[in-house]
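For reference, the structure discussed in these notes is given below.
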Amino acid sequence: MTRFRSGQDLNIEIATQNPARQRTGAAAWRNVLVLQTSFIGDTVLTLPLIAEVRRRFSVRNLSLVCQPASAELLQGHPAIDEIIVDDKRHADAGLSGMYRKAQALAERKFTLALTPHKSLRSALLLYLARIPVRIGFAQSRGWFLFHRRIARDPTRHDVERNLSLLNAFGVAVEDCQRALELPVNPQLQSEVDKKLADLGIDAEKPIIGVNPGSVWPTKRWPAEAFADLIVRLEESLDCRIVLFGGADDAAVVNRVLGACGGAASSLAGKVTLRELPAAIRRCRVFVTNDSGPMHIAVAERVPTVAIFCATTRELGFFPYTNHAVVVEKRLFCRPCTSHGGRRCPLGTEACSRLIDPARVFAAVEKLLRSVPGDVWAPPDRFEPEFVAA
Numbered sequence: 079m080t081r082f083r084s085g086q087d088l089n090i091e092i093a094t095q096n097p098a099r100q101r102t103g104a105a106a107w108r109n110v111l112v113l114q115t116s117f118i119g120d121t122v123l124t125l126p127l128i129a130e131v132r133r134r135f136s137v138r139n140l141s142l143v144c145q146p147a148s149a150e151l152l153q154g155h156p157a158i159d160e161i162i163v164d165d166k167r168h169a170d171a172g173l174s175g176m177y178r179k180a181q182a183l184a185e186r187k188f189t190l191a192l193t194p195h196k197s198l199r200s201a202l203l204l205y206l207a208r209i210p211v212r213i214g215f216a217q218s219r220g221w222f223l224f225h226r227r228i229a230r231d232p233t234r235h236d237v238e239r240n241l242s243l244l245n246a247f248g249v250a251v252e253d254c255q256r257a258l259e260l261p262v263n264p265q266l267q268s269e270v271d272k273k274l275a276d277l278g279i280d281a282e283k284p285i286i287g288v289n290p291g292s293v294w295p296t297k298r299w300p301a302e303a304f305a306d307l308i309v310r311l312e313e314s315l316d317c318r319i320v321l322f323g324g325a326d327d328a329a330v331v332n333r334v335l336g337a338c339g340g341a342a343s344s345l346a347g348k349v350t351l352r353e354l355p356a357a358i359r360r361c362r363v364f365v366t367n368d369s370g371p372m373h374i375a376v377a378e379r380v381p382t383v384a385i386f387c388a389t390t391r392e393l394g395f396f397p398y399t400n401h402a403v404v405v406e407k408r409l410f411c412r413p414c415t416s417h418g419g420r421r422c423p424l425g426t427e428a429c430s431r432l433i434d435p436a437r438v439f440a441a442v443e444k445l446l447r448s449v450p451g452d453v454w455a456p457p458d459r460f461e462p463e464f465v466a467a
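The opening residue of the sequence shown carries number 79 in this note's numbering; numbering runs sequentially from there.
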């Protein structure tokens, strides 16, 4: 039952229809929209919110609005009935593009919208779509367009911040299922396994995945440091080393390949975004910058070594699992921005250059020794180990 008077007053009665499964809001929330048009990693961190909405509400349709890359990655996700692409940098750019997208959303007659995205554009999109109940963060630039505004706690991980939007329904984050999950279709897994075999990458030896790219330059460990690590791994461990990356990462991947003297194979540009989770899931350990593939590895339950350069734990985007090690150089100037930047403000790049490959190698060895090879159970805790480099 819903009594709605104003933007400040949204009372929602929570009824337990089944002792084993709490549902919220009855018929009013049958057609739900979740909007997250930020980067791939941010969308992956929204998946627990989507799954919890599906679990708790009597949802007939759950739609996700996201950018094209995220749409490709999440195609076929079992918790999502419909993916609506918001190509806000191209086809849907500008005021006219936003208005067209809003009208298309209005035609679907959503009854409830939740958005963890804090941009004014996202709030305007939901407002113009005339969705009767809109929930977002109080810190959003479009906070005044929401019916209920939830305080975004900067001390919590982003998974928990996203889930806190359900506080509007009296649901505590601690009562939610928080583990990241990104299921892979068995047929797609078979196709990716064949592609790996055709490239000479098989399961005879453990695969260590290495992801040297990131959207933001200040979040990238130097290519020469990655090459140093790969040589150490190749000389010391009986394993296959495979480089990952998209088309935008071709330059840095080629630099790593050239510097490591052929000690690694490369999947860069050879698997699609939709295939990426299936390829990462075949890794025994995944070594990565702070990036979208880092969160995908966690969702695939792959033990992860994350190299944090400009970003820090306090920003709330660390690997959300205890099957991970974060290697970082603790400096007074970190973090220099809220999500990484295009250049070091001090011109030193010390946060990346001073991370010792030996420390990263030790973290890989530790995960190989301490974490079982088949880690499919949910993590015991949602906190990695942080190691000073």
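For each residue, glycine too, the CB sits at the ideal point set by N, CA and C.
This structure is a prediction, so every number in the text was calculated from the model and none was measured.
How close, in whole Å, do the beta carbons of residue i and residue j come, if the pair is a contact with beta carbons under 8 Å?
{"i": "K187", "j": "N109", "result": "6 Å"}
{"i": "V112", "j": "L192", "result": "5 Å"}
{"i": "W294", "j": "R420", "result": "7 Å"}
{"i": "V309", "j": "A356", "result": "With 8 Å as the limit, V309 and A356 do not qualify as a contact, their Cβ atoms being about 28 Å apart."}
Pull up the distance between the alpha-carbon of residue i and that of residue j, whole angstroms please.
{"i": "V131", "j": "L321", "result": "36 Å"}
{"i": "F247", "j": "P264", "result": "36 Å"}
{"i": "V404", "j": "S136", "result": "39 Å"}
{"i": "G278", "j": "K348", "result": "13 Å"}
{"i": "P126", "j": "E282", "result": "34 Å"}
{"i": "N139", "j": "E406", "result": "42 Å"}
{"i": "L117", "j": "L351", "result": "The residue asked about is misnamed: residue 117 is Phe in this sequence, not Leu. Going from the Cα of F117 to the Cα of L351 covers about 13 Å."}
{"i": "Y177", "j": "L206", "result": "7 Å"}
{"i": "V449", "j": "A440", "result": "14 Å"}
{"i": "I285", "j": "D271", "result": "13 Å"}
{"i": "S292", "j": "G119", "result": "11 Å"}
{"i": "H168", "j": "S174", "result": "12 Å"}
{"i": "L424", "j": "A129", "result": "42 Å"}
{"i": "C317", "j": "R239", "result": "38 Å"}
{"i": "A303", "j": "D276", "result": "29 Å"}
{"i": "V249", "j": "S197", "result": "24 Å"}
{"i": "H30", "j": "P457", "result": "Here the chain comprises residues numbered 79 to 467, so residue 30 is not present and cannot be evaluated."}
{"i": "R447", "j": "T426", "result": "35 Å"}
{"i": "S218", "j": "E252", "result": "23 Å"}
{"i": "R408", "j": "A466", "result": "7 Å"}
{"i": "L183", "j": "S344", "result": "41 Å"}
{"i": "T115", "j": "G172", "result": "15 Å"}
Could you spell out the range, first to last residue, of the alpha helix (DSSP H) harbouring residue i?
{"i": "N476", "result": "As displayed, the chain neither begins before 79 nor continues past 467, which places residue 476 out of reach and without an answer."}
{"i": "F439", "result": "P435 to S448"}
{"i": "A180", "result": "G172 to E185"}
{"i": "A428", "result": "A428 to R431"}
May I ask which residues mark the beginning and end of the beta strand (DSSP E) holding residue i?
{"i": "C144", "result": "N139 to C144"}
{"i": "N109", "result": "N109 to L113"}
{"i": "I162", "result": "E160 to V163"}
{"i": "A341", "result": "First-last for A341: undefined, no H or E at that position."}
{"i": "G214", "result": "R212 to F215"}
{"i": "I118", "result": "Element bounds for I118: not the beta strand (DSSP E) but the alpha helix (DSSP H), I118 to V122."}
{"i": "L321", "result": "R318 to L321"}
Please find out if some non-hydrogen atom of the ligand MN comes closer than 6 Å to the beta-carbon of residue i.
{"i": "V143", "result": "With respect to the ligand MN, the structure offers nothing, as it holds no ligand at all."}
- Task: Check whether the stretch 376 to 387 touches the stretch 397 to 407, counting contact only when three or more Cβ pairs, one atom from each stretch, lie closer than 8 Å.
- Result: With a cut-off of 8 Å, the stretch 397 to 407 and the stretch 376 to 387 count as touching, because enough Cβ pairs lie within range.
Per the contact definition of three or more C-beta pairs closer than 8 Å, is the stretch 328 to 335 in contact with the stretch 360 to 376? Fewer than three Cβ pairs drawn from the stretch 360 to 376 and the stretch 328 to 335 lie within less than 8 Å of each other, which leaves the two stretches out of contact.
Three-pair Cβ contact test at 8 Å for the stretch 367 to 374 versus the stretch 207 to 217
Output reads no: the stretch 207 to 217 does not touch the stretch 367 to 374.
Exercise for the section: Could you tell me whether the stretch 137 to 145 touches the stretch 160 to 174, where touching means 3 or more Cβ pairs closer than 8 Å? Expected result: They touch, by the three-pair rule.
Notebook entry, point to check: What residue ranges within the stretch 255 to 315 form continuous alpha helix (DSSP H) runs of no fewer than 4 residues, ordered along the chain?
Noted result: Along the length of the stretch 255 to 315, whole alpha helix (DSSP H) runs at least 4 residues long occupy 264 to 276 and 301 to 314, reported in chain order.
inquiry  = In chain order, what are the residue ranges of uninterrupted beta strand (DSSP E) at least 3 long that sit wholly in the stretch 347 to 393?
reply    = Complete beta strand (DSSP E) runs here, min 3: 363 to 367 and 382 to 386.
(message) Pairs of beta-carbons, one from the stretch 229 to 243 and one from the stretch 427 to 441, closer than 8 Å: are there three or more?
(response) The stretch 229 to 243 makes no contact with the stretch 427 to 441; the number of CB pairs closer than 8 Å stays below 3.
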